[in-house]
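What follows is a short report on a single structure.
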Amino acid sequence: MRAHPDLGTRARISAASQTEQSAAGFDQIAPTDFEMLQSYNSEYREKFGFPFIYAVKGSPQSDILMALSIRKDSTPEEEFHEALYQVYRIAYFRVGQLFDPPPGS
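Under my numbering, residues 12 to 116 are what the sequence shown spells out, in order.
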């Protein structure tokens, strides 16, 4: 989980992550929201030792930011289980695309 990219990162990420984060609007995030996201990401990573993980597919940016705001106050055990669940959801969505690609693919 530690290798997962930070949400909204400007670093190079996989094509799948880039597509998912763009669909949620993280490629056009407002400067004030980006600063808040960076602050929350740092606080989260420092507390839990791994980045905030959220299966962003189909979720609006506001829901994702709200989840980060809430989850950063979880216990380490709660958050470890939630992060694993989110990894499972990401894998589920991506494997599903292999068998049911979007129209025009």
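Backbone N, C-alpha and C define an ideal beta-carbon position, used for all residues, glycine too.
Self-check item: Three-state class that DSSP yields for Val67 in the structure shown
Solution: coil
Quiz item: If you draw a straight line from the alpha carbon of Glu93 to that of Ser80, how long is it in whole angstroms?
Solution: Roughly 14 Å separates the two Cα atoms.
Exercise. Determine the extent of the alpha helix (DSSP H) in which Gly107 is found, giving its start and end residues.
Key: Pro87 to Phe110
Quiz item: What residue does the alpha helix (DSSP H) around Thr49 start on, and which one ends it?
Solution: Contrary to the premise, residue 49 reads as Gln rather than Thr in this sequence. Element bounds for Gln49: Pro42 to Phe59.
Quiz item: Smallest Cα separation from Met118: which of Phe104, Arg105 and Gln72?
Solution: Since the displayed the chain opens at 12 and closes at 116, residue 118 lies outside it and no answer follows.
Practice problem: Check the C-beta distance from Gln108 over to Ala66 and give it rounded, since I have them as a contact under 8 Å. | Solution: In fact, because the Cβ distance is near 13 Å, the residues do not count as touching under 8 Å.
Exercise. Tell me, to the nearest whole angstrom, how far the beta carbon of Tyr103 is from that of Lys83; I am working on the premise that it is less than 8 Å.
Key: Contact between Tyr103 and Lys83 fails: their C-beta atoms lie close to 24 Å from each other, not under 8 Å.
Self-check item: Distance between Ser53 and Ile40 (C-alpha atoms, nearest Å)
Solution: Each residue's Cα considered, the two are about 17 Å apart.
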